[in-house]
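Count the sequence shown with this note's numbering and you get residues -6 to 446, in order.
All C-beta atoms, glycine included, are put in the ideal place defined by N, C-alpha and C.
Have a look at the structure below before the remarks.
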Amino acid sequence: MSDAPRSAAPAAAPPRTAAVRFAAATLTGLFFFLLPLRVDGAWTIPFDLLVSAIRDGAPTLVRFTVLAMIALSALLTLGAAAQRALGRTGPADLSPFATGWVFTAVRLAGAAVAVMVVSGTGPAALLDEGVGPMIFDSVVVAVAVIVPIGAVFVTLLVSYGGLEFIGTLARPVMRPLFRVPGRGALDALASFVGSYSIGLYVTNRMYLEGRYSARESATIATCFSSVSLGFFAVVAATLDLMPYFPLIVGSVLGLSVVLAAVLVRIPPLSRKPDTYAAEPRPEPEPEPEGPLVRTAVRRAVERAGASRGVARECATGFAEGVRLALVILPTILAVGTAAVLAAQHTPVFDWLGRPLEPVIALLGIPDADVVAPASLVGLSEMFLPALFATGAAVEAKFFVAVLSLTQLLFFSATIPLLLELDVPVRLRDCLALFVLRTALSIPLIALIVHLVF
-6 MSDAPRSAAP
4 AAAPPRTAAV
14 RFAAATLTGL
24 FFFLLPLRVD
34 GAWTIPFDLL
44 VSAIRDGAPT
54 LVRFTVLAMI
64 ALSALLTLGA
74 AAQRALGRTG
84 PADLSPFATG
94 WVFTAVRLAG
104 AAVAVMVVSG
114 TGPAALLDEG
124 VGPMIFDSVV
134 VAVAVIVPIG
144 AVFVTLLVSY
154 GGLEFIGTLA
164 RPVMRPLFRV
174 PGRGALDALA
184 SFVGSYSIGL
194 YVTNRMYLEG
204 RYSARESATI
214 ATCFSSVSLG
224 FFAVVAATLD
234 LMPYFPLIVG
244 SVLGLSVVLA
254 AVLVRIPPLS
264 RKPDTYAAEP
274 RPEPEPEPEG
284 PLVRTAVRRA
294 VERAGASRGV
304 ARECATGFAE
314 GVRLALVILP
324 TILAVGTAAV
334 LAAQHTPVFD
344 WLGRPLEPVI
354 ALLGIPDADV
364 VAPASLVGLS
374 EMFLPALFAT
384 GAAVEAKFFV
394 AVLSLTQLLF
404 FSATIPLLLE
414 LDVPVRLRDC
424 LALFVLRTAL
434 SIPLIALIVH
444 LVF
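Okay, here's the thing in structure tokens:
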């Protein structure tokens, strides 16, 4: 995906220049992703303010731009299919948009849904505010803005040594506990303070550059790509749980650590091979040499010295972000809309939840008949469990909030995004991991509920 020079290449910049690059780029990236700001009575970060300014400043323009991107994606997918069928390329190589017939159909369906949502014409069930428009405006538009813009700021961290610096410092924790490089800490951080789409973008880029193996990239993508802290607040506010917000955040973070430590050691993640997409020139994370902080700074400066100018690197990052957005937007819209329709208009999640009712009741959680289906409906859309449980007891609402934010995998966004990336994660992996995360989380969250209430 990236044509940036390999870190093993001779330094293109003098050490002092490389050190300035590293410090300036890393501080800028961390500023946009981490600096807490109090705006209108709520905490946020500069990156979120920039994304919100773009979305809110010209909402109609943004909607039609996203529609054009989805339509272009469908056309490029058809063009790639034609090139493959004819066995030759045209004026442009469209292979990045080539896919199997299933995802070709899904992308075309996504384009059709986008046209119906934006034009306001189509089946009433699809045009319901809680279905097509909700997925388009709340998920697809957000991803369309976040991924290209976020890719620019991620590039500042990845290309100029921030990744090496954070990764080296985090390695003593990440490697023994989660069996992944310390670099994975940046992916988790990007997801938590920015968006899961940014975290997945980082993971995909690291995999293609040979800096994560297949197993490591699959682990990081499925265990650390959390929804952002802002979405935590949305769920808590919907369930009237803001007084418990710190407990919700702490519970989800603690559970995520426990689940990641367990899931990396059992199938399907443990069976992923430690092969590299960039072989025969992979760049696995080396062992620290000497004092940890000194090693982190040295590696960061070396990486910064080997990279191109800031304008060129950021332009490449933005182009990669746009290409990724073109690939994933129609899939997210089509699959997400279908999943929400299934959740709202079929009893499938009620049926699936019935065997859980006695388990939930046995664990002492009230309103088990509400909590059981809410525990599984998050597979379709992460926000739906909160809507299911708005009238439940406070203990039940806390349980549902923590569980929905811990499950991570859902069809309205993360699953179709994962399936369109180069990271080796398949649909059966997503489903198996959702079941495992849910099964392991339920008794642990029940314990937390009894300790809190």
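Quiz prompt | Beta-carbon contacts of Val59 that lie in its chain and below 8 Å, excluding the five residues immediately before and after | solution = Taking the sequence shown and counting its residues from 1, the one referred to as residue 59 is at position 66. Apart from the 5 residues on each side of it in sequence, Val59 sits with its Cβ closer than 8 Å to the Cβ of Ala107, Phe129, Val133, Val134, Ala137 and Leu322 in its chain, given in chain order.
Quiz prompt | Alpha-carbon to alpha-carbon, Phe224 and Asp233 | solution = Position 240 of the sequence shown, counted from the start, is the residue given in the question as residue 233. Position 231 of the sequence shown, counted from the start, is the residue given in the question as residue 224. Taking the straight line from one Cα to the other gives about 14 Å.
Quiz prompt | Same chain, Cβ closer than 6 Å to Leu444, five either side skipped, listed in chain order | solution = Along the sequence shown, read from residue 1 onward, the residue named residue 444 stands at position 451. For Leu444, where only same-chain residues beyond five positions count, there are no Cβ hits under 6 Å.
Quiz item: Hey, quick one: how far does the beta strand (DSSP E) through Arg31 stretch, first residue to last?
Solution: The residue given as residue 31 occupies position 38 in the sequence shown. Looking at the DSSP string, the run of the beta strand (DSSP E) that includes Arg31 is Leu30 to Val32.
Quiz item: If we call anything under 7 Å between Cβ atoms a contact, is Asp422 one with Pro260?
Solution: By one-based count along the sequence shown, residue 422 stands at place 429. By one-based count along the sequence shown, residue 260 stands at place 267. No, the pair does not count as a contact, with Cβ atoms beyond the cut-off.
Quiz prompt | Close beta carbons around Ala332, own chain, < 8 Å, minus the five adjacent residues each side | solution = If you number the sequence shown from 1, residue 332 lands on position 339. So the qualifying residues of the chain are Leu372, Ser373, Glu374, Phe403, Phe404 and Ser405.
Quiz item: Between Pro52 and Lys265, what straight-line distance do the alpha-carbon atoms span, to the nearest angstrom?
Solution: Taking the first residue of the sequence shown as 1, we reach residue 52 at position 59. Taking the first residue of the sequence shown as 1, we reach residue 265 at position 272. So the alpha carbons of these two residues sit roughly 42 Å apart.
Practice problem: Tell me where the alpha helix (DSSP H) around Ala382 begins and ends. | Solution: For the purposes of this step, residue 382 is identified with residue 389 of the sequence shown, where counting begins at 1. No alpha helix (DSSP H) contains Ala382, which DSSP labels as neither H nor E.
Exercise. Starting from Trp36, follow its DSSP beta bridges and name the residues at the other end.
Key: Within the sequence shown, numbered from 1, the residue matching residue 36 stands at position 43. Partner(s): Arg31.
Quiz item: Comparing the CB of Cys307 with every heavy atom of the ligand ATP, is any distance shorter than 6 Å?
Solution: The ligand ATP is not part of this structure, which contains no ligands at all.
Quiz item: Mind checking Arg430: buried by the 16 CB within 10 Å criterion, or exposed?
Solution: For this step, residue 430 is matched to residue 437 along the sequence shown. Arg430 should be labelled buried.
Practice problem: Pick out whichever of Ala299, Pro351, Ile159 and Val147 has its Cα sitting closest to the Cα of Glu278. | Solution: For the purposes of this step, residue 278 is identified with residue 285 of the sequence shown, where counting begins at 1. Of Ala299, Pro351, Ile159 and Val147, the residue nearest in Cα terms is Ile159.
Practice problem: Look at the Cβ atom of Leu101, then the Cβ atom of Ala67, and state whether they are nearer than 7 Å. | Solution: As a working note, residue 101 is residue 108 in the sequence shown. As a working note, residue 67 is residue 74 in the sequence shown. Yes.
Quiz item: Going by alpha carbons, who is nearest to Val471 out of Gly357, Leu355 and Asp343?
Solution: In the structure as shown, the chain starts at -6 and stops at 446, and residue 471 therefore has no counterpart that could be examined.
Exercise. Return the CA-CA distance between Glu413 and Thr215, expressed in angstroms with no decimal places.
Key: Locating residue 413 in the sequence shown gives position 420, where the first residue counts as 1. Locating residue 215 in the sequence shown gives position 222, where the first residue counts as 1. Cα to Cα, the separation comes out at about 14 Å.
Quiz prompt | Residue from Val387, Val140 and Leu150 whose Cα sits closest to the Cα of Ala229 | solution = Here the question's residue 229 lines up with position 236 in the sequence shown. Comparing Cα-Cα distances from Ala229 to each of Val387, Val140 and Leu150, the minimum goes to Val387.
Exercise. Might you give, ordered along the chain, the residues of its own chain that have their beta carbon closer than 6 Å to the beta carbon of Ala293, omitting 5 neighbours on each side?
Key: Locating residue 293 in the sequence shown gives position 300, where the first residue counts as 1. These residues qualify, in order along the chain: Phe15, Gly154, Glu157 and Phe158.
Practice problem: Please confirm whether Leu326 and Gly175 have their CB atoms less than 7 Å apart. | Solution: In the sequence shown, residue 326 corresponds to position 333, counting from 1. In the sequence shown, residue 175 corresponds to position 182, counting from 1. Contact: no.
Self-check item: Inter-residue spacing [alpha-carbon to alpha-carbon] between Ser434 and Pro8
Solution: Translated into positions along the sequence shown, residue 434 becomes position 441. Translated into positions along the sequence shown, residue 8 becomes position 15. Each residue's alpha carbon lies about 48 Å from the other.
Exercise. Kindly list the residues whose CB is nearer than 7 Å to the CB of Pro275, restricted to its own chain and excluding five residues on each side of it in sequence; keep chain order.
Key: Sequence index remark: in the sequence shown, residue 275 carries index 282 (1-based). Gly203 and Tyr269.
Quiz item: Under 7 Å between C-beta atoms, does Met375 make it to chain D?
Solution: Any reference to chain D falls outside this structure, which holds one protein chain only.
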